[in-house]
Amino acid sequence: MTAAQGIGRRLRPSWRQRVLRLLPWHRRLALLACLGVLGWAASGVLHPLMSNLQPRPAVFLPPADLLPLQGLQAPATVLGAAGLGEVQALRLLVLDGEPYYQARLPGAAEPRYWHARSGAPADLLARHAERLAQHYLGTTEPLRYAGSLSGFDGEYAFVNRLLPVARVDTAREDGLRLYLDLYQDRLGTLVDERKAWFGRLFQAVHSFRWLDGAGLLRPLLMSLLLAALLATAALGVALFLARPRQSRAPWRRRAHGWLGLLLALVTGSFAVSGGWHLWHKVNAVPLPAPFQPSYPVAGLDAAPQAGWPDYGAGARRLDLVLLDGAPAWRLEQLSADGMVGVRYLSGAGQALDDGAARRYGEQRLGHYAAALGLGQPQAVEVQERFDHDYGFVFKRLPVLRARYADGARTALYVDPLDGALAARVADGDRAEGWSFAYLHKWEVLGRFGKPAKDVLVSGLALAHLLLAGLGLWLLRRRRPG
616 MTAAQGIGRR
626 LRPSWRQRVL
636 RLLPWHRRLA
646 LLACLGVLGW
656 AASGVLHPLM
666 SNLQPRPAVF
676 LPPADLLPLQ
686 GLQAPATVLG
696 AAGLGEVQAL
706 RLLVLDGEPY
716 YQARLPGAAE
726 PRYWHARSGA
736 PADLLARHAE
746 RLAQHYLGTT
756 EPLRYAGSLS
766 GFDGEYAFVN
776 RLLPVARVDT
786 AREDGLRLYL
796 DLYQDRLGTL
806 VDERKAWFGR
816 LFQAVHSFRW
826 LDGAGLLRPL
836 LMSLLLAALL
846 ATAALGVALF
856 LARPRQSRAP
866 WRRRAHGWLG
876 LLLALVTGSF
886 AVSGGWHLWH
896 KVNAVPLPAP
906 FQPSYPVAGL
916 DAAPQAGWPD
926 YGAGARRLDL
936 VLLDGAPAWR
946 LEQLSADGMV
956 GVRYLSGAGQ
966 ALDDGAARRY
976 GEQRLGHYAA
986 ALGLGQPQAV
996 EVQERFDHDY
1006 GFVFKRLPVL
1016 RARYADGART
1026 ALYVDPLDGA
1036 LAARVADGDR
1046 AEGWSFAYLH
1056 KWEVLGRFGK
1066 PAKDVLVSGL
1076 ALAHLLLAGL
1086 GLWLLRRRRP
1096 G
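If you count by the working numbering, then the sequence shown holds residues 616 to 1096, one letter each, in order.
Structure (structure tokens):
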């Protein structure tokens, strides 16, 4: 080795020196990352708290009053007298002890009502909504119908799934209001002023919804901030390992370094799972057009009656459905031993064969499978509980579930009441759902109980705020003036 080679080797920077040269980039990227971290972490701290403080219904299930079936007129008679030629949905319901036909008309979002005995039209929209709200609140307090909603907005977001819905306002000081699906008597959500305020805040600072009208700018900006966060964390760990331990270093610098090291994996899990969730939603393929039957009114010439077979102890729901290309009745009945069962009847009220339920499921699922290019299902079954694949976010239960043998192992979930496609879940959705549940929301901590999980998740978010605050303080201290 020559003298020049020896000098060159001694002058070659070590790996520690190379890493330490990246300190300015760590600082620059941290400033960019803080634009996202401060909002994400702050809203993350509040989210568990607000989820525990949000209003909850007194009752979670729809009303289950028995239907009075004596002396009813045929739907053809009642609807024909109103000049209607077809309906898209029809059911028999009971309100204040009286039977009514509720119909969905083509091109209309709000239901129409007729008394099933007298045939007189009834202006029941507001009363139905208010009675339904009283049911879910478990009170008889005065309420006010405040209109219908046919699309999602900032307060009633897509996460609530159900449309159209009616809004009902209470007179409470907290401004509580309810959003209700009047066609199926389901509760969409409850919102008070506190929940509405936090919802607006969360959508603004956590989801950047203020950029919804800017196309891809929103996901691109969020991705840039997430990438800056990942790079900042990676550089921070490298700098911590490269920098010699200095006992005389300011305590804030040492605290920043150790806290960043301890949070590095958590930071990475939040950022990666959040970015995946963001782009998974951006690239999601829209669901096929909903199944929308049309029933000629003239063919509905048989009146529901107590003499129809197998009513048991009473009928709870009676909905018109399309089965084998013809109108049929889906009857939900209460048996003498208190069990709830479902039967399918012809338009004239005759009990259909035992395979009717299976055929109905196959036909509704077949509509969506054909639109998605899927073949025949491997199996069709009724699902009555939420699980990892079909979670609470999808709202509807019970549903018909079909699994397919395509490469993505697609599963379709259809609501038997109105034929709506509640969800389509493939392997990519399962993987992203697992990532978001366990790497972003940290559901694994649920084994310690929900209160403990909420405290731990809020603590992790708060630690990120502290880490960012220490970093900004250090950056400010090193700048003159």
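Quick reminder that beta carbons are idealized off the backbone N, C-alpha and C, glycines included.
Sequence-distant residues of its chain with Cβ nearer than 8 Å to residue i (five each side left out)
i    : result
S666 : D1069
P683 : V709, G712, E713 and P714
R979 : F906, L1015, V1029, P1031 and G1034
DSSP bridge partner residues for residue i (one or two, in chain order)
i    : result
R958 : L946
R974 : None; R974 has no bridge partner.
L705 : A718
T804 : Y794
H739 : Per the sequence shown, the amino acid found at residue 739 is Leu instead of His. Answer is none; L739 lacks a bridge partner.
A648 : In the DSSP output, where bridge partners are listed per residue, A648 has none listed.
E713 : L710
R782 : Y794
Y983 : For Y983, which the question treats as bridged, DSSP gives no partner whatsoever.
R759 : D784
L915 : Answer by DSSP bridge pairing: none, since L915 is not bridged.
A966 : L960
Cβ-Cβ distance between residue i and residue j below 8 Å
i     : j     : result
P1013 : V995  : no
L946  : V957  : yes
P670  : L778  : no
L707  : L987  : no
L797  : A772  : no
L1090 : R642  : yes
L720  : Y728  : no
L1085 : A853  : no
Q685  : A921  : yes
R1039 : L902  : yes
G803  : A673  : no
S884  : L1080 : no
A645  : T847  : yes
T785  : L758  : yes
A1083 : G659  : no
L836  : L826  : yes
V1059 : P663  : no
R931  : A679  : yes
S822  : G890  : no
Residue i: CB within 7 Å of a non-hydrogen atom of the ligand FAD
i    : result
L980 : Within the structure as shown, the ligand FAD is missing, as the structure has no ligands at all.
Beta-carbon proximity list for residue i, same chain, < 7 Å, skipping 5 on both sides
i     : result
G872  : F855
L1087 : C649
L840  : L647, A648, L650 and G651
L668  : R809
D1021 : L989
P942  : Y910, G914, L915, L935 and G962
Residue i, DSSP secondary structure in three states
i    : result
R932 : strand
A693 : Contrary to the premise, residue 693 reads as Val rather than Ala in this sequence. In the structure shown, V693 sits in a helix (DSSP, three-state: H, G or I).
R636 : coil
Y751 : helix
D796 : strand
P726 : coil
E996 : strand
A899 : coil
Y910 : strand
Y771 : coil
L880 : helix
A657 : helix
L764 : strand
L938 : strand
S666 : helix
A673 : coil
P628 : coil
Other residues of its chain near residue i: CB distance less than 6 Å, five sequence neighbours each side excluded
i     : result
S629  : none
F1001 : F1007
Y751  : P672, V674 and L802
N775  : G803 and T804
task = Enumerate, from N- to C-terminal direction, the unbroken alpha helix (DSSP H) stretches of 4 or more residues contained entirely within the region 1001–1079.
result = 1042–1050
ask   = Enumerated in chain order, which unbroken segments of the beta strand (DSSP E) with a length of 3 residues or greater are wholly contained in the region 826–872?
value = none
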